[in-house]
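**Student:**
Residue numbers (our numbering): 84 to 678.
1. For residue 493, does the count of other Cβ atoms within 10 angstroms reach 16, so buried, or fall short, so exposed?
2. Tell me the residue span of the beta strand (DSSP E) that contains residue 188.
3. Between 482, 423, 441 and 434, which has its C-alpha nearest residue 637's C-alpha?
4. Any C-beta of chain C sitting closer than 7 Å to the C-beta of residue 302?
5. If I measure Cβ to Cβ from residue 293 and keep anything under 6 Å in the same chain, skipping five residues before and after, which residues do I get?
6. If we ignore side chains and look at the alpha-carbon of each, how far apart do residue 573 and residue 400 end up?
7. Once the 5 residues before and after residue 309 are set aside, which same chain residues still bring their CB inside 8 Å of it?
8. Would you mind working out which of 265, 282 and 458 sits nearest residue 289, comparing C-alpha positions?
9. So within the region 469-550, which uninterrupted beta strand (DSSP E) runs reach at least 3 residues, ignoring any that extend past its ends?
10. Return the bridge partner residues of residue 310 from the DSSP annotation.
11. Just to check my reading of the structure: residue 196 and residue 161 have Cβ atoms closer than 8 Å, yes? What is that Cβ distance to the nearest angstrom?
12. Can you check which of these residues, 588, 587, 614 and 609, is closest to residue 600 by C-alpha distance?
13. Since residue 413 is in the beta strand (DSSP E), which residue starts that stretch and which ends it?
14. Let me confirm a value: residue 403 is counted as buried when at least 16 other C-beta atoms fall within 10 Å, else exposed. Which label applies?
15. Between which residues of its own chain and residue 360 is the CB-CB distance below 6 Å, once the five residues before and five after are set aside?
16. Quick one: give me the first and last residue of the alpha helix (DSSP H) that residue 586 is part of.
17. When you compare the CB positions of residue 484 and residue 568, do they come within less than 7 Å of one another, or not?
18. Report the CB separation of residue 190 from residue 178 in whole angstroms; it is logged as a contact under 8 Å.
19. Could you check if residue 571 is buried or exposed, using at least 16 other CB atoms within 10 Å of its CB as the buried criterion?
20. One question on the structure: do residue 468 and residue 495 come within less than 7 Å of each other, judged by their Cβ atoms?
21. Do residue 463 and residue 448 count as a contact pair if the criterion is CB distance below 7 Å?
22. Compute the distance between the beta-carbons of residue 247 and residue 98, then report whether it is under 7 Å.
23. Buried or exposed for residue 561, please, with buried defined as at least 16 other CB atoms from any protein chain shown within 10 angstroms of its CB.
24. With 16 other CB atoms within 10 Å as the buried threshold, where does residue 517 fall?
25. For the candidate residues 93, 621, 625 and 550, whose alpha-carbon lies nearest to that of residue 353?
26. With residue 530 and residue 498 assumed to form a contact (beta carbons below 8 Å), what rounded beta-carbon distance in angstroms separates them?
27. Can you look up residue 92 in the DSSP assignment and give me helix, strand or coil?
28. Rounded to whole angstroms, how far is the Cβ of residue 428 from the Cβ of residue 410, which I believe are closer than 8 Å?
29. Just reading off the beta strand (DSSP E) that residue 568 is part of, what are its end residues?
30. Rounded to whole angstroms, what is the Cα-Cα separation between residue 88 and residue 349?
31. For residue 183, which residues of its own chain have a beta-carbon under 8 Å away from its beta-carbon, when the five flanking residues on both sides are left out?
32. Closer than 8 Å by C-beta to residue 503: which residues in its own chain qualify, once you throw out the five before and the five after it? Chain order, please.
33. Please determine, among 526, 606 and 405, the residue with the shortest C-alpha to C-alpha distance to residue 566.
34. DSSP three-state label for residue 328, please.
35. For a quick check, are the C-beta atoms of residue 455 and residue 466 less than 7 Å apart?
36. Between which residues of its own chain and residue 583 is the CB-CB distance below 6 Å, once the five residues before and five after are set aside?
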């Protein structure tokens, strides 16, 4: 194996899912993280595993962070960890039994993370640090790495926009900060008083193993993806990387040079997916309306953790899919408008960016649903975490074990309870380790550019009304997924909160009273016909006024559109059910008059 044939790249998930999309606290700067790195190695119970009690002590006592913010970082890192679905379900069961803060603390005290990887996780929060230079000139200064972007590069940049999806930003970040990243992994005795690494500094194999959180690679094109420490300890590469089999350590400066020489763009990132990813066909799509839409995937080639599906510029269309090609994928929905999107498979993560006037119904999302720069979008999801930033007039119906995260720039956000189901939903939830309890959909955490917004007031009993509201039960309507599928789920998992269930029952009672009134009116045949025509006219006027007519029309299967994927398989498409949506009024697709 030739040393030059080794390629190493930044892993997607730590940046996509781990870096909070807000400027980090100044207490997470390199200066403080160096102090933390020294502290955890010197204290018992902090290394190589860091428990929640000691992180809380460091974060709240040393870094002066609010406890809720300390837990936010801790649970975000935990979402990235490779827990099995069974472990997550078992943890959810224990947490759901907590009836007081002391009981909750007892359960949290059992949680722990890899110390060095957690340090690296805290460091990459700098990804979204606001640079004064960048904010003034819009782009970084030219460097020797700068080149004229190709059309596909420009498209990738436009599609990704925020740095969490931008694989080129990930590469640039690692290239620019690799020296500091490695210094955080060095034992304190090999550092100067200022925290700088000494010239003959060594870094242990175990420390480089932790670097696998951020980096992976392969020995040559087409070879299996491996953690970075395995690549650097094989064949001639170990000499180039400065690895000693006797001391089981690397020369820091030699390792740094080797990594800088081997770093390249992630071959499974958004740039490669847009350039050469496979197209994905969907049920319920009209060919004429889909000409400008771009839907691509790399799920046929990417390893777990790098699978992605990209959807851009879907306009005035219903798209529906349940498929193994979606299972475990990171989904990006970009610049879609007047669209109705159903992704009914267990997913790894979902990002909505710059979408407008749309409905998005998701299968269970193992990690996070992130909504950014959206307007008048309704999202229905079961997810490990929900985050909303820079969005307006959006409504999120969620079932989530973690507090929804409201980032800066939001206006008129509405939070409501998860209110739908499809037949295989509970099986999908179990496969990603999501349970019906605990469910903290109504207890958001408000995070500003300087940390928590009014942390003393930021509780479920005294929320900030300027940014969001909880959906009033009087405005609540259920949602019916309008597709036929196989499975046993026949109701909303966990049921609805009592006030919302009572509101639905009251609406049902009004329907029954309406039916009774019509029956008791004893209209003759001609009167019934005239009355039916009048009701239908008003109903169709309501459909047009609310935009629901467009959704109904888009559910009619086109005669020309093929339900098959590009590989010819059509077994994972969905059929329209006779029952369609119930939302914002009567059942769509039928007259409200029932005789």
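Beta carbons are placed, not taken as given, at the ideal position from N, Cα and C, and that holds for glycine. All figures in this text were calculated on a predicted structure; none of them were measured in a lab.
**Tutor:** On the basis of the coordinates in this document:
1. When all chains shown are included, residue 493 counts as buried.
2. Counting along the chain, no beta strand (DSSP E) covers residue 188; the unbroken alpha helix (DSSP H) around it starts and ends at 184-191.
3. Closest in C-alpha terms to residue 637, from the list 482, 423, 441 and 434, comes 423.
4. Absent from the structure: chain C. Only one protein chain is present.
5. Its chain contains 199 and 200 as the residues whose beta carbon lies nearer than 6 Å to that of residue 293, once the 5 sequence neighbours on both sides are disregarded; these appear in chain order.
6. Between the alpha carbons of residue 573 and residue 400 lies a gap of roughly 27 Å.
7. The residues are 299, 300, 301 and 302.
8. Ranking 265, 282 and 458 by Cα distance to residue 289 puts 265 first.
9. List check, beta strand (DSSP E) in window: 478-482, 496-500 and 528-531.
10. Partner(s): 299.
11. The Cβ separation is near 7 Å, so the contact holds.
12. Minimum Cα distance to residue 600 is reached at 614.
13. Taken as a continuous stretch (DSSP letters only), the beta strand (DSSP E) holding residue 413 covers 413-417.
14. Buried.
15. If we look at residue 360 and ignore the five residues flanking it on each side, its Cβ neighbours are 379, 380 and 381.
16. It spans 581-603 - the alpha helix (DSSP H) in which residue 586 sits, taken as one unbroken run.
17. Not in contact: residue 484 and residue 568 (Cβ atoms no closer than 7 Å).
18. Contact between residue 190 and residue 178 holds, with the beta-carbon distance rounding to 6 Å and staying under 8 Å.
19. Exposed, by the Cβ-count rule.
20. The answer is no: Cβ separation not under 7 Å.
21. No, Cβ-Cβ distance for residue 448 and residue 463 is not below 7 Å.
22. Contact: yes.
23. Answer is buried; the Cβ neighbour count reaches 16.
24. Here residue 517 is buried: its Cβ has 16 or more other Cβ atoms, across all protein chains shown, within 10 Å.
25. Closest option to residue 353, judged by alpha-carbon separation, among 93, 621, 625 and 550: 93.
26. In fact, because the Cβ distance is near 15 Å, the residues do not count as touching under 8 Å.
27. Looking at residue 92 - three-state DSSP - the assignment turns out to be strand.
28. Taking the Cβ atoms as the reference, residue 428 lies roughly 5 Å from residue 410, within the contact range of under 8 Å.
29. Under the DSSP assignment, residue 568 falls outside any beta strand (DSSP E); it carries neither an H nor an E label.
30. Residue 88 and residue 349 have their C-alpha atoms spaced approximately 15 Å apart.
31. Taken in chain order, the list of residues that qualify is empty.
32. When the five nearest sequence neighbours on each side are left out, the beta carbons in the same chain lying within less than 8 Å of the beta carbon of residue 503 are those of 444, 463, 480, 561, 562, 563, 564 and 575, in order along the chain.
33. If we check each option's Cα against that of residue 566, 405 comes out closest.
34. Residue 328: coil per DSSP, three-state reduction.
35. Against a cut-off of 7 Å, the Cβ pair of residue 466 and residue 455 comes out as no contact.
36. Once the five neighbours on either side are set aside, the close Cβ partners of residue 583 are 500, 556 and 559.
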